[in-house]
Structures are given as structure tokens and as C-alpha cells.
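Numbering (my numbering), first residue to last: 3 to 149. We treat Cβ as the ideally placed atom computed from N, Cα and C, and that holds for glycine.
Structure (C-alpha cells):
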């Protein structure tokens, strides 16, 4: 996956198709995970500095490092870096599987990441569940005796 200037992406997609390589331009609202997000990342950092972060109940694996964060300062910095850095998706999912994760919850709008996980080939069967509303999250928690 690549990210960047829309015209440059169009050029690359065209070149790939000329060589009979499947290439799809994703319709996204911003050029995420590349240098064009540096200004946004600076604004995000300023916003994070005003917030109080607490340690979560379960570990959070960061796309930036493909590992769980070490401390809350590391978490804030890594969340900022994720806006302009390459997503290490396969490495992140692989790490979680190695750590015995069996269920992946996609919280947000859509099911793109859940579908990606379902298409990934691992030696283990995985569940990937998209949850797009507070009600869906609450129902999942109730159905799975989680609190």
C-alpha cells in the first residue's frame, strides 16, 4: 500500500495496470500515513498534551511499531507518529497472533480492516468483527461477558 499526492498515486496505478499488476486507488479523505500529515500530527500532539491518558485494561499494539506501547508517554508519541508513518499492519497482526489473540475488533465506521484480517493467511482461524456503534460494542461486551 502506498500513500501520497493524489496525482502521483494515479500515475502509479496507471503504470501498474500497464504491467498487468492489480492496483486500486482507495478513496480516502486525506493522505494518511505519509509526510503530508506532518502538520496534522503537530496539531494532534498539542491536543494530546491537554488530555490525561490512563493505562488501558488490555495492551494496545501500535501500527507505528507493531508492538505494545511501553508507557503512556510512548503511547502519545506513537499515536502522533502513526499519522505520518508507514502502517506495519501485517507485522502488527502477526505479533498479536503470536501473543495468542484470537478475536480482532474493528471499532469505527466500516469493515475494511476486518476484511483484511479475514483474507490474511495464518495457520490459525481468526475472528474479525466490525463494531460501528456504541450499541454494537455494548452488545458484544454483554454477549461475551466482558466488562
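**Report entry** contact_flag[the stretch 32 to 50, the stretch 17 to 24] where n(CB pairs < 8 Å) is 3 or more
**Finding:** Contact between the stretch 32 to 50 and the stretch 17 to 24 is absent, because fewer than three Cβ pairs lie under 8 Å.
Requested in this report: Rank 77, 139 and 53 by C-alpha distance to the C-alpha of residue 110 and give the top, closest one.
Outcome: Start at 1 with the first residue of the chain shown, and residue 110 comes out as number 108. That would be 139, whose Cα lies nearest to the Cα of residue 110.
Query - N- and C-terminal bounds of the alpha helix (DSSP H) containing residue 10 - result: On the chain shown, residue 10 is found 8 positions in, with the first residue counted as 1. Counting along the chain, residue 10 sits inside the alpha helix (DSSP H) bounded by residues 8 to 20.
**Report entry** Three-state secondary structure assigned by DSSP to residue 106
**Finding:** By one-based count along the chain shown, residue 106 stands at place 104. Strand.
Query raised in the report: In or out: residue 8 buried (at least 16 other Cβ within 10 Å) or exposed?
Result: To locate residue 8, count along the chain shown from 1; it is residue 6. The C-beta of residue 8 has fewer than 16 other C-beta atoms within 10 Å across all chains shown, which makes the residue exposed.
Query raised in the report: Just curious, the alpha helix (DSSP H) that residue 74 is in, first and last residue?
Result: Against the chain shown, residue 74 aligns to sequence position 72. 74 to 84 is the span of the alpha helix (DSSP H), which, as asked, contains residue 74.
Query - Assumed close pair residue 99, residue 129 - CB separation to whole angstroms, cut-off 8 Å - result: Locating residue 99 in the chain shown gives position 97, where the first residue counts as 1. Locating residue 129 in the chain shown gives position 127, where the first residue counts as 1. No, residue 99 and residue 129 are not in contact; Cβ-Cβ is about 12 Å, not under 8 Å.
Query raised in the report: Applying the criterion that 16 or more other CB atoms from any shown protein chain within 10 Å of the CB defines a buried residue, is residue 119 buried or exposed?
Result: Taking the first residue of the chain shown as 1, we reach residue 119 at position 117. A residue is called buried when at least 16 other Cβ atoms come within 10 angstroms of its Cβ; residue 119 meets this threshold and is buried.
**Report entry** Cβ-based neighbour list, residue 74, same chain, cut-off 6 Å, excluding 5 preceding and 5 following
**Finding:** As a first step, residue 74 must be located in the chain shown, where it is residue number 72. Hits under 6 Å: 55.
Query raised in the report: Among 51, 66, 72 and 50, which one has its Cα closest to the Cα of residue 60?
Result: Walking along the chain shown from the start, residue 60 turns up at place 58. With distances taken between Cα atoms, residue 60 lies closest to 72.
Requested in this report: Look up residue 32 in the DSSP assignment and give the residues it is bridged to.
Outcome: Residue numbering aside, residue 32 sits at position 30 when the chain shown is read from its first letter. According to the DSSP secondary-structure assignment, residue 32 is paired through a beta bridge with no residue.
Query - Beta-carbon proximity list for residue 25, same chain, < 8 Å, skipping 5 on both sides - result: For the purposes of this step, residue 25 is taken as the residue at position 23 of the chain shown. Take residue 25, set aside five residues on each side of it, and the residues of its chain with a beta-carbon closer than 8 Å to its own are 14, 15, 18 and 19, in chain order.
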